[in-house]
Every structure is written in structure tokens, then in C-alpha cells.
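Asks:
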Amino acid sequence: MNDFLSLLPLIIICSGGIVLMLLSVLETMKTETASYISLGFFGIAFFIQFLIACYPESDLFAGTFSSMLVANSFTGVAGLIILGAGFFTVMSCHTYFQQNKVCTVEFYSLLLFASCGMILLTLARELITAFISLEIMSLAIYILVGYDRKRVTSTEALLKYLMLGAFAGAFFTMGAALVYGAAGSTRFVEISNYISSNSAATPLLIGGAFFILIAFLFKVAAFPFHAWVIDVYDGAATPVTGFMATALKAAVFTVFANFLAINGALQKEWITFLFYIALFTMFGGNLIAIGQSNIKRMLAASGIVHSGYLLIGLIAISTKSFTGSVIAYYLAAYAVGTLGIFAALSYLGGKNESRVSFDDFKGLAKVRPYSAAAISVFLLSMAGIPPTAGFMGKFYIITSAITEGQIALAVFGVISSILSMWYYLRLIICMYFNEAEDSFEIEKSPFAPACTFILAVCVFAIGLYPIVI
Amino acid sequence: MFENVLSVMIFLPILAGLALLLFPVGKSGSRLTGFIVSVIIFMFGIELFLDFTGNGGMEYAVNRPWIDSLGISYSLGIDGISLLVLLACSLLFPLIFAVYSGKTKGYYANLLIAQGAMLGAICATDIVLFYIFWEIMLLPIFFMIGLWGGEKRLAATLKITIYTIAGSLLMLAALVYVGVSYHSQFGAWSFNIADLRNLDLSGGFAVTAFIMFMIAFAIKIPLFPFHTWLPDAYTEAPTSTTFVLSAIMAKIGVYAVIRFVIPVFEIEFARFALLLSLAGVVGMMYCGLAAITQKDFKRLLAFSSASHMGIIALGVFCMNIQALTGSLFQIVAHATSTGILFVFAGLIEERMQTRNIADLGGIAYRAPIFATFFAIAMLASVGLPGTSGFIGEFLIILGAVKFNAFIGFLAGTALIIGVCYMLWMFQRLFFEKSNTKTEGFKDLSLLETVTFLPVILLILFMGIYPQPFLQKIEPAAELHVAGFTTMTVTETVAETVVPAQEHDTHHKN
């Protein structure tokens, strides 16, 4: 029964996607109705996930699936983040598509399918399952990125992401094949047993893990596979960008952590490699972000920096008693802030995303003080200023890094956050310390603003009551 | 006093400030709210001071677990070290609300939030909790300077924000290091200063962590050479923000060194004490000399404030009871005198629309009460006997001579510089030529006189009869210094042993 409950959110989301796909053939079906339906599915799934999030580790239907899927509190929280991200994305979409009329019913169906792939990815404890769920997720996301076919930037983003993403998928299969060749199994448990009795440094295993890591690093936009992320985030519709930045990252980081935690020996092999990746990801991301004048591009670059912090968390996971709580918490904190700011951008962006640069948001605080305050809260959370969730997340990451003896990395993380203050503060300064030039007219749909304020409250709630830890 | 008085004192202003931001309240309504809240805090502060027993331990302590898995707790408490800082922070706020009108409600809300956060930082005995309040403190300052500051406010805002955030993020890394070290030495998580003082830290990382802490606090104090943000920020900020910055926030930097750095890093502190006290003295001299040359009297006061922070910091670095008591006493003395001076500077600016010393003169003939008050505050600031400044500075110089005669000599010399620029400024502003511009200068109104009188009386009272204050500080200061000296003695012994062992092993190899 527990197994079924743990799987229930996945089933609900999947059936939601199918239902919406079938409904989309009806001519009377409106996109707004579709958004309500998908809100319902996300809401129910979120609620169920919430009930089961803190179960101890268990194999799902061990007999039927032969331990391909494992649920524990880590995957539970990751699922919560994904479903929450889905829920709030639908809310922002509702408002966004009143100003940018490119939506059809299939959009929401694809969003559900993408979430379905992500949840499956968090549960996966087997390479083929991971690959299949990775592709379910990616295919849906490709289409979502290029949904606005008439916009050139959107099409360009789609092409870039599709080409590079396909390569990453190929790398993953290659890696899986090599690992299978070494360990004789694609199941994480078997691979771990193999490493325990042999060495993790056999050529096949090194090569296989290398390719798999490349695929993951590409998906989370870590250095040196980060170049695509700026254009793709910029080209995609704002709510979709928010969804990609949070849910996708949460899903991939979960499976990444699960993969690294297979066996301590495997993680040890890659620590030095990941150390430099994390370092360059943080500082590279900061350098890119400082130079941006477009907010979405700045957020994309700051997303790279946050991937760097999460990589610190991955380096510092203790494989003996792996709970993933630090990573899960950081993902949640990051997701709340990022989703919030993208929700705000979806209703403040205006028709055809006309307001995009820092200068366009000058004087927002004079016209819309509450929205400006909410955006400031999200930015401060991303910058890691207490008492927000982002501060707590950073605190845990640094604590875990120092506990595992990675003091240098902790210090570099701190220096990187000092640098990141520059571009977060810049937006706050633009909003507050300038006179308004724009009237910031928006469509009167309450969903995205409501979503923004709920998330602003969440930033403090998660920060002050860090239950996950 | 009731049990949770500290929590109420912290969160009442914060909540009132947030409520002001959220609800549509008019200008005067928000000013009135601010005034009422600050008067309530004022009452609590007085009550707390009178009820304080002064036995050296933590009083009004609250200790509730917050994040169990990392041992972070919501723990507050007041002892002789924090008492006077708390007093300064709660006593001076009503004055701001009473004197300054005409700002919008956002400004008053920010002032309230700043007060709450500062009280939180003063009361916190858990270092993570302290850090949280420490950071929140900066946000209202950021908005107050950026939104309501002078012409070059943007540059000043950026400067102070980047400086302080850089400092405090370094401190974050350092405090996590301290917590993790506690975990590895005692097998349990705790960030409470009562536990952390048992830590035994040594090695390169400990020195780095110590330096990170010191940089964060040195920026806030500000200690030479981290003071460069100060003249811009103090000058560009609205006067009441400058008041908050100089009278209270800077003191929290000194207080934090005493509270959190000394108990944890005794050895490193002893090792660096001479260097740090030199930084204090050099800062005093440098800022004093810089003050002499200023043409803008607000900027002059900014440098003077920085110069006096140097002597307060020096008192902490001397590591003996006289200097520490003197520093703690001087915290209140300086808060009242410099705070009042900044308020008066703001009044002159408001009435004359200029900050240029050369444009003014002869104010004393037009406004005798104002001139008298100004003179008292100024004389307290330069440390004339009979005013509060004398007691503190005397004790600090005494301790400094005991610590190192040369440092004591330099500090004494630096005080003379203070007399130079202050008296010269007073002469140029208040006497000298009778200026046509100052013809219409109005004296203090009755309301203003009544508002300032208690502070002026406090300055005189503290100078003539400092016993009630010193009594409450001394036991805690003694405890602090006692724990410190025993630690250094044992550690010096240990240190002499360690190299010998290393030498032996080296020899065998």
C-alpha cells in the first residue's frame, strides 16, 4: 500500500497529462479551463506527496519493478519541489498567456508530462530508467521552450537546446553502456556491490561514470557545459524558464546525488574533478551574470552560480549516511526564490515580454510597491541574506562543506556570494532608487500576483522553519 | 520584569515597522506610531537597567531550540557587557522620532526595523541568531541612505552595502567553521556562545577564521584601514540615519568583538592585540587629522566619530579590566555625545540649508540654548572632566598605558587632536564674525529643549556620578578578562612545549 501511495503522485500527474491531451481535441476546450484542470492535478499530487514525503527509504514494488524505483524522504522532498514548481508555473502561465496569446491546451499537457518525467527521474535507481525518464522530461521541455514558434529567439533557443540536449542524452547512454560493461548491471545497488568488491578505478567504470557525469553536468548547466543556458532561458516563455530553472534542476540534482552516493569509492574518484567544476561554475556564472543587462539572462547566469553551490553540496555529501537533506533544502530554497521572481516577471513583463532589461524596471517600487518588495525578497533570498530561505540553504551548504573538510570550497562559495551581490543589488537599486518611467500596466489576472505573494511568504516560512533538515 | 521582555523589545519595532509598510498610514500617523513604539522600548530599557542585578551572568535569558539538527537555538540574554549597548539603543530612538518630521512613512518604518534588528543583535547569545540580526540591520540602512540620502547617495549606498556584506559573508564562513570545530571536539552541535567559549582552536584555519571575524567587525566599527566607506555614508545619509549608524550600529561592532570574538579566539586575539590596538590608535590619529581639514561640518563629525570609535576599539584590544570597562562605558558616552552632535548638525542644516563651515558663524549670539547644549555635547565628545566622555576615555588610556606605554602615549596624543578640531569648529560655527546669514537662526523651541534636556543631563550625570553604570558593567567585564588571562597563561605554557616536541621528532627523522 505504501508503495502504491509513493507512486500515486506520479500516476496522477501522468494521467493528468493524458487527460489533457485527449481533451485538447475538443474545439470547445479553452486554454483557461486546461490551466484550471492542470492546477487541480498538480494540487492533488502535491497534497499526496506532502503526506508521504517523510517516509523512510523503501523499494517501490520490489517484485514488479525489481528495485528500479526507490522512494525515500529525499526523493519525497524533490517530488514536492517539482510538483510545487509545476503548480506555481501553471498559475503564472495563466496570467502570462493573457498577455502573450500563444497558448494551446497541449501546453499544459506537456507541462504535466515533463513533471511526470522529472518525478520518475528522482525515483530512479537504475540507469535505463534514469535515461528514459530523462528523455520524457527533456522532450516535453524542448517543445515547451520553442512553444512560441513565431518568435525568433524562442526558435533559436529550441534549436540550441535540442541539439545539445540530444548530445547529452547520447553521452548518458554511452556512459550507461560502459558502466554496464564494467559492473554487469545497470542497477545502482549492483554497481555499488561491484565497486565494493573491486575498484572504482577500472577504465570502463571511469569512462562510464565520466560520460554520465557529463550528461548530468550539461542538464544542470555546470561549467563548461553552461553556454546554452543563457540563450535558452532568454528565449523560452517566462513561466517555462522558471519551471526549467527550478523543477528540472531539482530532478537532475536528485538523480545526480543518488548516482554519486552509490558508493563512497565512486564519489572519492570524482571529488577533485567536481571541486574544479564547482569552482569554475560559481565564478564563471558570476562573471556572466555581472555583464548582463537583461533580467532573464541575468537570472539564467545566476542559475549557473546556484548550480555551483549545489555542486558544493554534492561534493560534501557523506556517502555513509546519505540523506540528501542539504541538497533538498537548498533546492527548495532556490526553487521558491526563482519561481517567485519568474512569476513576478510573467505578469510584469507586459505584452510580448516587452519589459526585459534592468532599465525597464526602473522605479517599479514607486508604481507597484508590493511587487517590488516581493521581487526584493526573492533577490535577497537568492543572494543569501537572512532571515530568508536562501540564507539557510547557503548556511547548510557551507556547514556541510566544512564538516567534510572542504574548507577551501566553502570560502570560495562565500566569495562567490559576495560577487553575486552586485547583480542582485543592481535590480533592487533600479527598482527603488529611480523615478518611474513606465506605468506598468498589467492584465488583470490575479493568479501570477497571488503566486508571487504566496512564494514571498514561503521564502520566510522555509527560512524560519527549516523542517526538511 | 516579565520573562520574554527581550523578545518583545526586539519584535515589537520590527512588527510595527512591517505593519507600517503594509498598511496605508499617513506621514504623521507613522511618525506617531514610531514615537509611541520607541517610547515603549525606552520604558522597557529603563526598567531593564534598574532591575539588572549585575552579578556577571546572563539575565533575562531565553533559550529555545530552533534548528535542532544543527544546534541553533533562539537564545537571548543580557549581561554587563551588553547592558549599556542595549541602553544606548533603546534610549535614543524616541529623540529621533520627536525631532525629525517630514519624512515619508517608509522612512519611519525602516527606522523601526533597524532598531528591532539592532536590539536583536545585542541580545542574541547564539552566534547564528546574532548573524541573522546583524544582516537584517543593514537592509533598513541600505534603503534609508539610498532613498532619502543626499545627492551622491547611490555611490554611498553601494559602498557601505558592498563593504558590510563582504565582511559579514566572510564572518558567516568563519562562524560555520567555529560551529563545525565545536562539533568535532565535543560531538554535538552548538552555536551558543556559552558553549563555544570552551573551544580550543589553533592552527592556520583558526587564524583565518579570526581574521575573517575581525574584518567583518572592523568594517562595521569602522577600524582603520576599513573606514573608507564611512565619510561618504555618514555625510550622504539623512541625519537620523547617520545618528543610528554612528551612535548605535558602530557600537554593535565593538560589542560583538567583546561578546563573540574574545571568548572563542583568546589565543589569536592575544597574538594580534598589539597590531589591532595600533590600528585603533592610527585610526584615531588619521581620522582626527582628516577631521581638521574638513570644510563640511557633517563630514567633520563623521571623521570625529570614526576617530572616537578608534579609542573605544583600543579599549577592547588592551585586554585588561580598566580598558574594557572604559570601552563599555564610553560606548554609551559616545552614543549620547556624538549622537546629539549629529542631531544638532542636522538641525543647523535644516535651518541654514548649508553644511559649509565657512558660511556660518555667530550662531551663539542668536541661539544661546542651542549653543550651550552643543557645547556640552562637544565637550563630552572631547572628554572634558565632568562629562561622560572623560570617565570612559580616562579608563581606556589608563588601561592602554598598562597594556603598552607607547600605545597609551599615542592614544593620549590623539585625544589632543580631537580637542583641536572640535574647538576650532565650535569657534567657527558659533562665535567669530556675526554673519548676516545666521541672523534669522531660531533657537531651540520649548519642545526641542525638553527633548534634548534629558540627554544633556545624562551626559553630565554620567560624568559626575558614573558609579551606577560602572557597578553594573564591572562584574561581567571582570569575568570576561579573568577567563581570558587564565587562558592565555596556560596557552603560553602549552606553546612553549609544542615547538620543543616538533624539534625532537624532526631530529629523529
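If you read the sequences in order, they're chains A and B.
Each residue of the first sequence is one higher than the one before, starting from 1 at the first, in the UniProt record's numbering.
Each residue of the second sequence is one higher than the one before, starting from 1 at the first, in the UniProt record's numbering.
Cβ atoms here follow ideal geometry from the backbone N, Cα and C, with glycine treated the same way.
None of these values were measured; they are calculated from a predicted model.
Mark A448 of chain A as exposed unless 16 or more other C-beta atoms lie within 10 angstroms of its C-beta, in which case mark it buried.
Replies: Here residue 448 of chain A corresponds to residue number 448 of the first sequence, with the count starting at 1. It counts as buried.
Asks: Along the alpha helix (DSSP H) that carries W134 of chain B, what are the first and last residues, could you check?
Replies: The sequence position of residue 134 of chain B within the second sequence is 134, counting from 1. Start and end: I127 to W148.
Asks: Please list, in chain order, the residues of the segment 184 to 204 of chain A that have any C-beta partner in chain B closer than 9 Å.
Replies: Within the segment 184 to 204 of chain A, no residue has a Cβ that lies closer than 9 Å to any Cβ of chain B.
Asks: Under 6 Å Cβ to Cβ from A233 of chain B, same chain only, skipping five residues before and after it: list those, please.
Replies: On the second sequence, position 233 is the one that residue 233 of chain B refers to. Hits under 6 Å: A156 and I160.
Asks: Quick one: which unbroken beta strand (DSSP E) runs of 3-plus residues sit fully inside the segment 241 to 268 of chain B? Chain order, please.
Replies: If we require 3 residues or more, the segment 241 to 268 of chain B turns out to have no beta strand (DSSP E) run fully inside it.
Asks: Any beta carbon from chain A within less than 8 Å of A166 of chain B's own beta carbon?
Replies: As a first step, residue 166 of chain B must be located in the second sequence, where it is residue number 166. Chain A contact via Cβ: present.
Asks: At a Cβ cut of 7 Å, what residues of the segment 360 to 388 of chain A count as close to chain B, listed as they run along the chain?
Replies: Listed in sequence order: I385, P386 and P387.
Asks: My output table needs one value for W189 of chain B: the three-state DSSP class, helix, strand or coil.
Replies: As a working mapping, residue 189 of chain B is identified with position 189 in the second sequence. If DSSP states are grouped into helix, strand and coil, W189 of chain B belongs with coil.
Asks: By the 9 Å beta-carbon criterion, what residues does the segment 221 to 247 of chain B contribute toward chain A?
Replies: Within the segment 221 to 247 of chain B, no residue has a Cβ that lies closer than 9 Å to any Cβ of chain A.
Asks: Does the structure place the segment 238 to 253 of chain A close enough to the segment 168 to 185 of chain A that three or more beta carbon pairs sit under 8 Å?
Replies: Because the criterion of three Cβ pairs below 8 Å is not met, the segment 168 to 185 of chain A and the segment 238 to 253 of chain A do not touch.
Asks: Any beta-carbon of chain A closer than 8 Å to the one on A121 of chain B?
Replies: Stepping through the second sequence from its first residue, residue 121 of chain B is reached at position 121. Taking Cβ atoms only, chain A never reaches closer than 8 Å to A121 of chain B, which makes this a no.
Asks: Please name the residues in the segment 397 to 416 of chain A whose beta-carbon is closer than 7 Å to at least one beta-carbon of chain B, in chain order.
Replies: Here the close residues are I398, T399, I402, T403, I407, A410, V411 and V414.
Asks: Since S439 of chain A is in the alpha helix (DSSP H), which residue starts that stretch and which ends it?
Replies: Taking the first residue of the first sequence as position 1, residue 439 of chain A is located at position 439. Taken as a continuous stretch (DSSP letters only), S439 of chain A belongs to no alpha helix (DSSP H), as it is neither H nor E.
Asks: In the DSSP output, what is L69 of chain A paired with across the bridge?
Replies: Here residue 69 of chain A refers to the residue found at position 69 of the first sequence. DSSP output for L69 of chain A lists A:A124 as bridge partner(s).
Asks: K298 of chain B and R355 of chain B look like a contact to me (Cβ under 8 Å); what is the Cβ gap, rounded to whole Å?
Replies: The residue labelled residue 298 of chain B in the question sits at position 298 within the second sequence. The residue labelled residue 355 of chain B in the question sits at position 355 within the second sequence. Right, their Cβ atoms sit about 5 Å apart.
Asks: What residues in the segment 416 to 427 of chain A bring their beta carbon closer than 7 Å to a beta carbon of chain B?
Replies: Those would be S417, I418, M421 and L425, in chain order.
Asks: Would you kindly report the start and end of the unbroken alpha helix (DSSP H) that includes G45 of chain B?
Replies: Along the second sequence, one-based indexing puts residue 45 of chain B at 45. Note, G45 of chain B: alpha helix (DSSP H), K27 to D51.
Asks: Using the beta-carbon of each residue, which ones in chain A are nearer than 9 Å to E156 of chain B?
Replies: Walking along the second sequence from the start, residue 156 of chain B turns up at place 156. The sequence as given places Ala at residue 156 of chain B; Glu does not occur at that position. Per Cβ cutoff of 9 Å: no residues; A156 of chain B is ~11 Å from chain A at best.
Asks: When you compare the CB positions of L311 of chain A and T281 of chain A, do they come within less than 8 Å of one another, or not?
Replies: Numbered from 1 along the first sequence, position 311 holds the residue referred to as residue 311 of chain A. Numbered from 1 along the first sequence, position 281 holds the residue referred to as residue 281 of chain A. Their beta carbons are under 8 Å apart, which means L311 of chain A touches T281 of chain A by this criterion.
Asks: Using the rule of at least 16 other Cβ atoms within 10 Å of the residue's Cβ for burial, across every protein chain shown, is G405 of chain A buried or exposed?
Replies: On the first sequence, position 405 is the one that residue 405 of chain A refers to. Under this definition G405 of chain A is an exposed residue.
Asks: Are the segment 269 to 280 of chain B and the segment 168 to 188 of chain B in contact at 8 Å, needing three or more beta carbon pairs?
Replies: Too few Cβ pairs lie closer than 8 Å, so no.
Asks: From the beta carbon of Y432 of chain A, is the nearest beta carbon of chain B less than 8 Å away?
Replies: Working through the first sequence from its first residue, we reach residue 432 of chain A at position 432. Answer yes: the Cβ-Cβ gap between Y432 of chain A and chain B drops below 8 Å somewhere.
Asks: Can you list, in chain order, the residues of its chain with a C-beta nearer than 8 Å to that of S82 of chain B? Leave out the 5 residues immediately preceding and following it.
Replies: Residue 82 of chain B sits at position 82 when you count from the first residue of the second sequence. Excluding residues within five positions, the ones whose Cβ falls inside 8 Å are I122, C123, Y255 and R259.
Asks: Would you check if the segment 232 to 242 of chain A and the segment 137 to 155 of chain A touch, i.e. whether three or more CB-CB distances between them fall below 8 Å?
Replies: Yes: the two stretches touch, three or more of their Cβ pairs being nearer than 8 Å.
Asks: Within the 8 Å Cβ cut-off, does P224 of chain A reach chain B?
Replies: Numbered from 1 along the first sequence, position 224 holds the residue referred to as residue 224 of chain A. Cβ-Cβ to chain B under 8 Å: no for P224 of chain A.
Asks: Please list the partners that P56 of chain A has in chain B, where partner means a Cβ-to-Cβ separation under 8 Å.
Replies: As a working mapping, residue 56 of chain A is identified with position 56 in the first sequence. Result: empty, since nearest Cβ-Cβ is about 17 Å, beyond 8 Å.
Asks: Tell me where the alpha helix (DSSP H) around V5 of chain B begins and ends.
Replies: Position 5 of the second sequence, counted from the first residue, corresponds to residue 5 of chain B. Per DSSP, V5 of chain B belongs to the alpha helix (DSSP H) from V5 to L22.
Asks: Around the Cβ of G58 of chain B, are there at least 16 other Cβ atoms within 10 angstroms (buried) or fewer (exposed)?
Replies: As a first step, residue 58 of chain B must be located in the second sequence, where it is residue number 58. Just to set this straight, residue 58 of chain B is Met in the shown sequence, not Gly. Flag for M58 of chain B reads buried.
Asks: Once you ignore the five residues that flank E126 of chain A on each side, which residues in its own chain have a CB closer than 7 Å to its CB?
Replies: The residue given as residue 126 of chain A occupies position 126 in the first sequence. Correct list, in chain order: M68, T186, R187 and F188.
Asks: Less than 6 Å between C-beta atoms, sequence neighbours within five positions excluded: which residues of the same chain meet that for M421 of chain A?
Replies: As a working mapping, residue 421 of chain A is identified with position 421 in the first sequence. A383, listed in sequence order.
Asks: Within 10 angstroms of the Cβ of P368 of chain B, are there 16 or more other Cβ atoms? Answer buried if so, exposed if not.
Replies: As a first step, residue 368 of chain B must be located in the second sequence, where it is residue number 368. It is exposed - the Cβ of P368 of chain B has fewer than 16 other Cβ atoms within 10 Å.
Asks: At a CB-CB cut-off below 7 Å, which residues of chain A make contact with A173 of chain B?
Replies: Against the second sequence, residue 173 of chain B aligns to sequence position 173. Per Cβ cutoff of 7 Å: I398, A410, V411 and V414.
Asks: Helix, strand or coil: which one does DSSP assign to A183 of chain A?
Replies: Residue mapping note: residue 183 of chain A aligns to position 183 of the first sequence, counting from 1. Correct three-state label for A183 of chain A: helix.
Asks: Just to confirm before moving on: does the CB-CB distance between L76 of chain B and G45 of chain B stay below 8 Å?
Replies: Walking along the second sequence from the start, residue 76 of chain B turns up at place 76. Walking along the second sequence from the start, residue 45 of chain B turns up at place 45. No, they are not a contact pair.
Asks: Using a 10 Å radius around the Cβ and a threshold of 16 neighbouring Cβ atoms, would you call Q115 of chain B buried or exposed?
Replies: Start at 1 with the first residue of the second sequence, and residue 115 of chain B comes out as number 115. Under this definition Q115 of chain B is a buried residue.
Asks: Note down, in chain order, each residue of its chain lying with its Cβ closer than 6 Å to the Cβ of S388 of chain B, except the 5 sequence neighbours on either side.
Replies: Counting from one through the second sequence, the residue named residue 388 of chain B turns up at place 388. Counting only Cβ-Cβ distances below 6 Å, and skipping sequence neighbours, we find A333, A380, I459, M462 and G463.
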